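Read the structure below first, then the notes.
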Amino acid sequence: MGWQFPRQYRLLTAKDFNRVFQHATKQGDRHLTLLACANSQRYARLGMAISKRQLKRAVDRNRIKRLIRESFRKRQVQLRGLDIVVLVRHGIVKLDNETVFCALDKHWDRVSKKCANLLSS
Numbered sequence: 469m470g471w472q473f474p475r476q477y478r479l480l481t482a483k484d485f486n487r488v489f490q491h492a493t494k495q496g497d498r499h500l501t502l503l504a505c506a507n508s509q510r511y512a513r514l515g516m517a518i519s520k521r522q523l524k525r526a527v528d529r530n531r532i533k534r535l536i537r538e539s540f541r542k543r544q545v546q547l548r549g550l551d552i553v554v555l556v557r558h559g560i561v562k563l564d565n566e567t568v569f570c571a572l573d574k575h576w577d578r579v580s581k582k583c584a585n586l587l588s589s
């Protein structure tokens with residue numbers, strides 16, 4: 469896996485996002501919410517919904533997006549076959565990078581377990 473985040477690993481269209489929102493398995497806490505559903509590919513795809521309403525400053529939005537992309541890149545193999553949308557809330561800007569990474573790791577684990585249980589049953 470390279471250092472890039474190519475188009476094939478992103479949710480790009482409104483149709484992709486709507487499918488995840490409608491068929492989602494939800495996992496979250498007070499800073500992050502992850503919505504996930506199975507896809508037909510052999511790789512995971514990521515979408516982020518980070519609004520100006522939640523994070524006012526562009527520097528904060530960009531920092532959180534970088535952290536989410538990096539954490540996703542490291543866990544991509546574990547999340548294979550899932551489309552995931554990450555939603556954030558305004559309190560996340562107060563957390564340091566390490567705390568955000570730990571929270572994301574916890575959520576990736578839980579989402580992959582939940583979706584594995586749904587797919588196997």
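Each residue of the sequence shown is one higher than the one before, counting from 469 in my numbering.
Ideal Cβ positions, reconstructed from N, Cα and C, are used throughout, including at glycine.
Computed from a predicted structure; not experimentally measured.
Best match in the options for proximity to residue i [C-alpha to C-alpha]
| i | options | result |
| --- | --- | --- |
| Val568 | Pro474, Lys524, Arg498 | Arg498 |
| Leu547 | Ala526, Arg525, Leu572 | Leu572 |
| Asp564 | Ser580, Gln476, Ile532, Arg537 | Ile532 |
| Ala512 | Val488, Ile518, Lys494, Asp551 | Asp551 |
| Arg543 | Leu500, Ser508, His575 | His575 |
| Leu500 | Ala517, Val527, Asn507 | Ala517 |
Assigned exposure category for residue i - 16 Cβ within 10 Å defines buried
| i | result |
| --- | --- |
| Arg534 | exposed |
| Ser539 | buried |
| Ala504 | buried |
| Val545 | exposed |
| Gln495 | buried |
| Cys570 | exposed |
| Arg475 | exposed |
| Ser580 | buried |
Extent of the continuous beta strand (DSSP E) to which residue i belongs
| i | result |
| --- | --- |
| Val554 | 550 to 556 |
| Leu503 | 500 to 506 |
| Lys494 | 493 to 496 |
Extent of the continuous alpha helix (DSSP H) to which residue i belongs
| i | result |
| --- | --- |
| Lys483 | 482 to 490 |
| Asp528 | 526 to 543 |
Close-in-space but distant-in-sequence residues of the same chain around residue i (CB under 7 angstroms, 5 per side omitted)
| i | result |
| --- | --- |
| Ala492 | Leu503, Ala504, Cys505 |
Per DSSP, the bridge partner or partners of residue i
| i | result |
| --- | --- |
| Gly515 | Val553 |
| Arg478 | Leu514 |
Close beta carbons around residue i, own chain, < 8 angstroms, minus the five adjacent residues each side
| i | result |
| --- | --- |
| Arg510 | Arg548, Gly549 |
| Leu523 | Arg529, Ile532, Val556, His558, Ile560, Val561 |
| Val488 | Leu479, Leu503, Ala504, Cys505, Gly515, Asp551, Ile552, Val553 |
| Ala526 | none |
Same chain, Cβ closer than 6 angstroms to residue i, neighbours up to 5 away in sequence not counted
| i | result |
| --- | --- |
| Gly515 | Leu479, Phe485, Val553 |
| Arg537 | Phe473 |
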